[in-house]
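Asker:
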Amino acid sequence: MKNFLFLVLIGLFTIQASAQTVINGKVTSENNEPLVGVNVILKNTYSGTITDNNGEFEILSKENQPTLVFSYIGHKTTEHQAITNNLDIKLETVAVLTDEVIVSAIKANNKSPIAYTNITKSEIINRPSSEDIPYMLSLTPSAVATSETGIGVGYTALRIRGTDPTRINVTVNGIPLNDSESQGVYWVNMPDFVSSLDEVQIQRGVGTSTNGAAAFGATINFQTTSINDKAYSRIESSAGSFNTFVNSISAGTGLIKDRFAFDVRYSKLNSDGYIDYAFSDHQSLYLSGSMLTNNGLLKMNIIHGDQRTGISWWGVPQEKLFKPEWADDSWKPERTYNPAGEYTDVDGNTRYYEDQTDNYKQTHYQLFYSHSLNEKLNLNGALHYTRGEGFYEQYKEDESYGEYGWESIEIGNETINSTDLIRQKWLENDFYGLTASANYKNGNVSGSFGGGWNRYEGDHFGEVIWARFAGASEKGDRWYENVGEKTDANVFAKVNWQPTTSINTFFDLQYRNINYSMDGIDDDREALVQKHKFNFFNPKIGISYDLSKQQQTYFSVGISNREPTRTNFKDAKGDPSSYPKAEQLIDFEAGYNYKSSKFSASANLFYMLYNDQLVPTGEKSSSGYDVMTNVKDSYRAGIEFVFGAQITKEFSWDGNLSLSQNKIKDYVDHATVYDENWDELKEQLISELGTTDIAYSPDVIASSILGYAVNSNLKVSLISKYVGEQYFDNTSNTNRSLDAYFVNNLKLDLNFFPSFANRIGLQLMVNNLFDLEYENNAYGGNYYTRDSAGNDTEHTWAYYYPQAGVHFMSKLIIEF
626 MKNFLFLVLI GLFTIQASAQ TVINGKVTSE NNEPLVGVNV ILKNTYSGTI
676 TDNNGEFEIL SKENQPTLVF SYIGHKTTEH QAITNNLDIK LETVAVLTDE
726 VIVSAIKANN KSPIAYTNIT KSEIINRPSS EDIPYMLSLT PSAVATSETG
776 IGVGYTALRI RGTDPTRINV TVNGIPLNDS ESQGVYWVNM PDFVSSLDEV
826 QIQRGVGTST NGAAAFGATI NFQTTSINDK AYSRIESSAG SFNTFVNSIS
876 AGTGLIKDRF AFDVRYSKLN SDGYIDYAFS DHQSLYLSGS MLTNNGLLKM
926 NIIHGDQRTG ISWWGVPQEK LFKPEWADDS WKPERTYNPA GEYTDVDGNT
976 RYYEDQTDNY KQTHYQLFYS HSLNEKLNLN GALHYTRGEG FYEQYKEDES
1026 YGEYGWESIE IGNETINSTD LIRQKWLEND FYGLTASANY KNGNVSGSFG
1076 GGWNRYEGDH FGEVIWARFA GASEKGDRWY ENVGEKTDAN VFAKVNWQPT
1126 TSINTFFDLQ YRNINYSMDG IDDDREALVQ KHKFNFFNPK IGISYDLSKQ
1176 QQTYFSVGIS NREPTRTNFK DAKGDPSSYP KAEQLIDFEA GYNYKSSKFS
1226 ASANLFYMLY NDQLVPTGEK SSSGYDVMTN VKDSYRAGIE FVFGAQITKE
1276 FSWDGNLSLS QNKIKDYVDH ATVYDENWDE LKEQLISELG TTDIAYSPDV
1326 IASSILGYAV NSNLKVSLIS KYVGEQYFDN TSNTNRSLDA YFVNNLKLDL
1376 NFFPSFANRI GLQLMVNNLF DLEYENNAYG GNYYTRDSAG NDTEHTWAYY
1426 YPQAGVHFMS KLIIEF
């Protein structure tokens, strides 16, 4: 952490100011209403800003009278030369409704009494080369990204305030993205999805009511491409270390006859990954069509992903990374070792099954319609359908026939009871439903009423595609098959009332109903027959107060309830008395915001009080899921600082710092005990540990982006991330912890504006600039051995996810 602060101070005191022209202005509609979020760009540069909540902007230029370009969805793009330094701009309307109205019911705004972060289109475009979504979001407050492949491509995940991906509500244009059964989001199934985004909003804590899975730590809403006024095309090509290549092409028609618009993108991604056999072979397609009327918007999206990825979710065993006591001097670390797919052939040679892969295809269909009844009321509706199918393939050694329902076979005088085999575990699912909302605004009162109904149907089955001794089995025999069905419905109502121009009160009520059932035979050939029903009431209330035009304070309290996942229920082995309980979160948030043209800052205090929180035990299931257990009382408490400063015309600094405590009260650890012959004893060793740290919850998280604009075309950025020490089980034992790490990346952006193209951009990314050797994720646990005298000795088992040292990525962008 000292190194982090030192680097920041060096950046602050090595930059000197220079002369500049400051241009102020205000952008309004034809009806003189302020327009919020208008893009203001210096022509023939890539420098720009957006208008604030009053429609006002401030921009810096080296020219005395630069030409500014103003663009805003639903309005005609306008160029204006800044002859004076105080501009009054009016934009002509070309359509009543914009894409923004589709998600307005679930988004937070500047009056919402919660902590949130918006990532704009310009920030998305300038993201680092080949960066996956969790890594793009990891620079926001309290966020930590992890990667199984070691380079942020392939299987990646995100935690916010220590909460895992199954507790983060994710929507695309207001439509749920979380898998209904696992409640997680698999970014690997949506390659290069970030290239089709216009905006991302992250709400930390309970947030405001939305559709889909419970928000138990954060909410993320993705808004896909909006209608462009003009036709465009874009070619993007990235290449870098570990044979990583990402190529995409996108194009749009712009508005045709002020009514129709079409957009398309195709992307292809390939990478070997840093970890052995952790390759990625992905492709994706995005199609969008829109039709505008004077009082409506009809839009359809198709989002398709097809991925084949080398399995790497088991991690690297600790004895391959850290020298064990029993090793001799010939031992060397094997940071890229991958145990998945390793087997011994009939001659005793160690080999690797290269088709040890995860394969999945997923297509999302979304249809939206928005209609404005009048200036005060608009209605929105959406239909959606997602089809997914895929499998992961494994080579398994010495598998018992009984585990697959096979009978023993006789070969000569020998009875065969086991065999090597290759199997596939399949999932085929359908997810469909509808969402709807109504938005109303009249004077000092505004509100939204909405909800959704969603249905999931998933078929789980396993097939053996090869066996050394197949006996009477047939190729493709299914040794298990079960069905999961889930219906999730919710309604919500939100009201903002401003009794004065400075005070805004917020009320948000949501009711959610879940029905979930499982029926069939599981992969252990045991019956999997369960039914669960939940009814949750999730109220939220808050108040914000504008101390001045630049300052605001707020306070809110909200409740969220969450049902267990499919894996949580499966781990109970059909015993109703051991079924996991639903969880409840009471979230208190209080904050302060300050914003000026050159500096912004905020501080947010949070206290998240949990009842029956499901926390990871440190173990993994056979398919890579965290094994969870309920704990009665636990909490997260902390403060988040966020700031952004334009220190000089050339030098900017954006960053955040999160400090927190994440605790379980009265934690009881249960550990397996083995005797001197390594036979598992029936009893478990129970330890009452008192107050302990929640797994995967570092006390300190910080991010920084130091940017230096050499000129209007060249910018250099130092991107830094600090993550403090964290435990990967709940015992607070340092043997089961990840060391703190401080990673720095260097990014160079060079832009040209030739006559034959709108822009040519070149980007060079040096990742892990100082070649730090670190791991950003792990899992494990403890066990005991008992000697003949009855003495117990504790041991740790663990698997880690090492990250690559210094490596490079480059990107070429051509925009027409």
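This note's numbering numbers the first residue of the sequence shown as 626 and each following residue consecutively.
We put the CB at the ideal spot given by N, CA and C, even for glycine.
#1: Where does I881 fall in DSSP's three states?
#2: Sorted by chain position, which residues of the same chain lie with C-beta nearer than 7 Å to S1277's C-beta, five sequence neighbours on each side aside?
#3: Could you check how far apart the C-beta atoms of D901 and T961 are, in whole angstroms? I think they sit under 8 Å.
#4: Relative to the alpha-carbon of Y1010, which residue among Y990, N999 and K1165 has its alpha-carbon at the smallest distance?
#5: Could you give the DSSP three-state label for S1248: helix, strand or coil?
#6: Given I640, which residues of its chain have a CB within under 6 Å of its CB, disregarding the five upstream and five downstream residues?
#7: In whole angstroms, what is the alpha-carbon distance linking I827 and N743?
#8: Determine the contact status of V795 and I749, defining contact as a CB-CB distance below 8 Å.
#9: Need the endpoints of the beta strand (DSSP E) that F695 sits in, please.
#10: So for I1319, helix, strand or coil by DSSP?
#11: Please determine, among T718, D1304, F1213 and S696, the residue with the shortest C-alpha to C-alpha distance to S747.
#12: Cα separation between N814 and L910?
#13: Would you call Q690 buried or exposed, if buried means 16 or more other Cβ atoms sit within 10 Å of its Cβ?
#14: Using the DSSP secondary-structure output, state which residues sit across from A1423 in a beta bridge.
#15: Measure from the alpha carbon of G930 to the alpha carbon of each residue in S834, S821 and A838, then state which is nearest.
#16: When DSSP labels each residue in this structure, what does T969 get in the three-state scheme?
#17: For G1406, tell me which candidate among R1361, K945 and T1418 has the shortest Cα-Cα distance.
#18: Exposed or buried, which one is S1413 when buried takes at least 16 other CB atoms within 10 Å?
#19: For Q1177, which beta-bridge partners are listed by DSSP?
#20: My understanding is that S1227 touches G1280, with C-beta atoms under 8 Å, so please give their C-beta distance in whole angstroms.
#21: Is E1214 near Y1235, with beta carbons less than 8 Å apart?
#22: Taking K986 as the reference, which of V889, L1004 and G1013 has the closest Cα?
#23: Mapping the DSSP letters down to three states, classify V813 as helix, strand or coil.
#24: So, with DSSP's three-state summary, where would you put P1124?
#25: Using only CA atoms, which one of I684, M916 and L1008 lies nearest to N711?
#26: How many whole angstroms separate the CB atoms of F885 and S915, which I take to be in contact at a CB cut-off of 8 Å?
#27: Should S1283 and P759 be called a contact, given that it needs their Cβ atoms to be closer than 8 Å?
#28: Rounding to the nearest angstrom, what Cα-Cα distance links V633 and I1311 in this structure?
#29: Buried or exposed, going by whether 16 or more other CB atoms sit within 10 Å of the CB of K1436?
#30: Note down the Cα distance separating T835 from I1166, rounded to an integer number of angstroms.
#31: Does the stretch 1051 to 1062 come close enough to the stretch 1075 to 1093 to have 3 or more Cβ pairs within less than 8 Å?
#32: A952: buried (16+ other C-beta within 10 angstroms of its C-beta) or exposed?
#33: From Q1155, D1237 and I648, pick the residue whose C-alpha is nearest to that of F1194; which is it?
#34: Let me make sure I understand the geometry here. Which of A1320, E1419, F1377 and I1090 has the alpha-carbon closest to that of Q1388?
#35: Helix, strand or coil for F1231 per DSSP?
#36: Could you give the first and the last residue of the continuous beta strand (DSSP E) run that contains L1282?
Answerer: With the structure as the only source:
#1: The sequence position of residue 881 within the sequence shown is 256, counting from 1. Looking at I881 - three-state DSSP - the assignment turns out to be strand.
#2: For this step, residue 1277 is matched to residue 652 along the sequence shown. If we look at S1277 and ignore the five residues flanking it on each side, its Cβ neighbours are A1270, Q1271 and G1332.
#3: Stepping through the sequence shown from its first residue, residue 901 is reached at position 276. Stepping through the sequence shown from its first residue, residue 961 is reached at position 336. Right, their Cβ atoms sit about 5 Å apart.
#4: The residue you call residue 1010 lines up with position 385 of the sequence shown. Answer by Cα proximity: Y990.
#5: Residue 1248 sits at position 623 when you count from the first residue of the sequence shown. Confidence is the limiting factor: at S1248 the pLDDT is only 47, short of 50, which leaves the residue's position unreliable and the question unanswerable from this model.
#6: In the sequence shown, the residue the question calls residue 640 occupies position 15. Summary for I640: the model assigns pLDDT 36, below 50, so the residue's position carries little reliability; its value from the coordinates is reported in the next sentence. Around I640: T1273 and F1276.
#7: Locating residue 827 in the sequence shown gives position 202, where the first residue counts as 1. Locating residue 743 in the sequence shown gives position 118, where the first residue counts as 1. Going by the C-alpha atoms only, they are around 6 Å apart.
#8: Residue numbering aside, residue 795 sits at position 170 when the sequence shown is read from its first letter. Residue numbering aside, residue 749 sits at position 124 when the sequence shown is read from its first letter. Not closer than 8 Å, so no.
#9: Taking the first residue of the sequence shown as 1, we reach residue 695 at position 70. It spans T692 to S696 - the beta strand (DSSP E) in which F695 sits, taken as one unbroken run.
#10: Numbered from its first residue, the sequence shown carries residue 1319 at position 694. In the structure shown, I1319 sits in coil (DSSP, three-state: anything other than H, G, I, E or B).
#11: The count along the sequence shown starts at 1 and reaches residue 747 at position 122. The option with the nearest alpha carbon to S747 is S696.
#12: Reading the sequence shown from its first residue, position 189 is the one you call residue 814. Reading the sequence shown from its first residue, position 285 is the one you call residue 910. Going by the C-alpha atoms only, they are around 12 Å apart.
#13: Taking the first residue of the sequence shown as 1, we reach residue 690 at position 65. Label assigned to Q690: exposed.
#14: Counting from 1 along the sequence shown, the entry for residue 1423 is found at position 798. Note: A1423 sits in a beta bridge opposite G1405.
#15: Taking the sequence shown and counting its residues from 1, the one referred to as residue 930 is at position 305. Comparing Cα-Cα distances from G930 to each of S834, S821 and A838, the minimum goes to S821.
#16: Numbered from its first residue, the sequence shown carries residue 969 at position 344. Three-state DSSP puts T969 in a strand.
#17: For the purposes of this step, residue 1406 is taken as residue 781 along the sequence shown, with counting starting at 1. Minimum Cα distance to G1406 is reached at R1361.
#18: Counting from 1 along the sequence shown, the entry for residue 1413 is found at position 788. S1413 should be labelled exposed.
#19: In the sequence shown, residue 1177 corresponds to position 552, counting from 1. Bridge partners of Q1177: D1171 and N1218.
#20: Reading the sequence shown from its first residue, position 602 is the one you call residue 1227. Reading the sequence shown from its first residue, position 655 is the one you call residue 1280. With a Cβ gap of about 12 Å, S1227 and G1280 do not count as contacting.
#21: Working through the sequence shown from its first residue, we reach residue 1214 at position 589. Working through the sequence shown from its first residue, we reach residue 1235 at position 610. No; because the gap between Cβ atoms is not below 8 Å, this pair is not in contact.
#22: Counting from one through the sequence shown, the residue named residue 986 turns up at place 361. Of V889, L1004 and G1013, the residue nearest in Cα terms is G1013.
#23: By one-based count along the sequence shown, residue 813 stands at place 188. It is helical.
#24: Translated into positions along the sequence shown, residue 1124 becomes position 499. In this structure, P1124 counts as coil in the three-state DSSP scheme.
#25: To locate residue 711, count along the sequence shown from 1; it is residue 86. Ranking the options by Cα distance to N711, first place goes to I684.
#26: Numbered from its first residue, the sequence shown carries residue 885 at position 260. Numbered from its first residue, the sequence shown carries residue 915 at position 290. Rounded, the Cβ-Cβ distance is 7 Å, consistent with contact.
#27: What you label residue 1283 is simply residue 658 of the sequence shown in a count that begins at 1. What you label residue 759 is simply residue 134 of the sequence shown in a count that begins at 1. No. Outside cutoff.
#28: Residue numbering aside, residue 633 sits at position 8 when the sequence shown is read from its first letter. Residue numbering aside, residue 1311 sits at position 686 when the sequence shown is read from its first letter. Its pLDDT being 42, under 50, V633 is placed unreliably by the model, and the measurement read from it follows with that caveat. Going by the C-alpha atoms only, they are around 47 Å apart.
#29: Counting from 1 along the sequence shown, the entry for residue 1436 is found at position 811. The residue is buried, with at least 16 neighbouring Cβ atoms inside 10 Å.
#30: Indexing the sequence shown from 1 puts residue 835 at position 210. Indexing the sequence shown from 1 puts residue 1166 at position 541. For T835 and I1166, the distance between alpha carbons rounds to 15 Å.
#31: yes
#32: The count along the sequence shown starts at 1 and reaches residue 952 at position 327. Classification of A952: exposed, given that the 10 Å Cβ count is below 16.
#33: Counting from 1 along the sequence shown, the entry for residue 1194 is found at position 569. Per the Cα distances, Q1155.
#34: Residue numbering aside, residue 1388 sits at position 763 when the sequence shown is read from its first letter. When each option's Cα is compared against that of Q1388, the closest is F1377.
#35: One-based indexing of the sequence shown puts residue 1231 at position 606. The answer is strand: DSSP assigns F1231 an E or B state.
#36: Position 657 of the sequence shown, counted from the start, is the residue given in the question as residue 1282. Where L1282 is concerned, the enclosing beta strand (DSSP E) stretches over F1276 to Y1299.
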